[in-house]
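Numbering (the numbering used here), first residue to last: 613 to 771.
Beta carbons are placed, not taken as given, at the ideal position from N, Cα and C, and that holds for glycine.
None of these values were measured; they are calculated from a predicted model.
The block underneath contains the structure these notes are about, expressed in structure tokens.
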Ligand code: 4NP
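Here you go:
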């Protein structure tokens, strides 16, 4: 059984993709699959490289029992397109930026994260950075739902 690897991608890697990283990680750990699934997150922009997640994202996650203080922002690297099986974009801008960076043979790996949600019909996880607390709660709900769908998909197709 080969390991499956997942990379979550947003713009700054301090709000949406680290939330997805931490939520999916908890789900994978609680399912006893930590040895089978490798998880990371990254941003298409370098503004916040080295920083911990946004405190608003951390507060919402902590309120739902998820810790993400250990995560640090990094930028997407060309090697990521080789290293990861699933490269999951939070919004259309991330999606098209990733497609532009990747070689054609890697395009299939780049998908919209919310395509894995069974409950929400939205296509994008909206950027919460300049908005209020409600936006961060909504990000968490979307991410939580898509993480469950993603784990089901990986279980059915790889494990
Ligand atoms: P993220 O949110 O892409 O979900 O991490 C953002 C973080 C920072 C900025 C924009 C979005 N920014 O413009 O600095």
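Exposure of residue i, with buried meaning 16 or more beta-carbon neighbours within 10 Å
i	result
residue 554	In the structure displayed, the chain extends from 613 to 771; residue 554 sits before or after that span and is not available.
residue 727	exposed
residue 714	buried
residue 719	exposed
residue 674	exposed
residue 666	buried
residue 710	buried
residue 706	buried
residue 763	buried
residue 729	buried
residue 695	exposed
residue 745	exposed
residue 647	exposed
Integer-rounded CB distance, given that residue j should sit under 8 Å from residue i
i	j	result
residue 654	residue 692	7 Å
residue 766	residue 685	25 Å between Cβ atoms; not a contact.
residue 649	residue 615	7 Å
residue 617	residue 682	Not confirmed; about 19 Å, so no contact.
residue 657	residue 619	That pair is no contact at about 15 Å.
Beta-carbon proximity check, residue i vs residue j, cutoff 9 Å
i	j	result
residue 748	residue 679	no
residue 704	residue 736	yes
residue 700	residue 725	yes
residue 628	residue 755	yes
(request) Starting from the N-terminal side, write out each stretch of the beta strand (DSSP E) that is 3 residues or longer and does not extend beyond the region 632-710. (result) 649-655, 698-701
(message) For the structure I just gave you, are there three or more beta carbon pairs, one from the region 756-765 and one from the region 633-643, closer than 8 Å?
(response) yes
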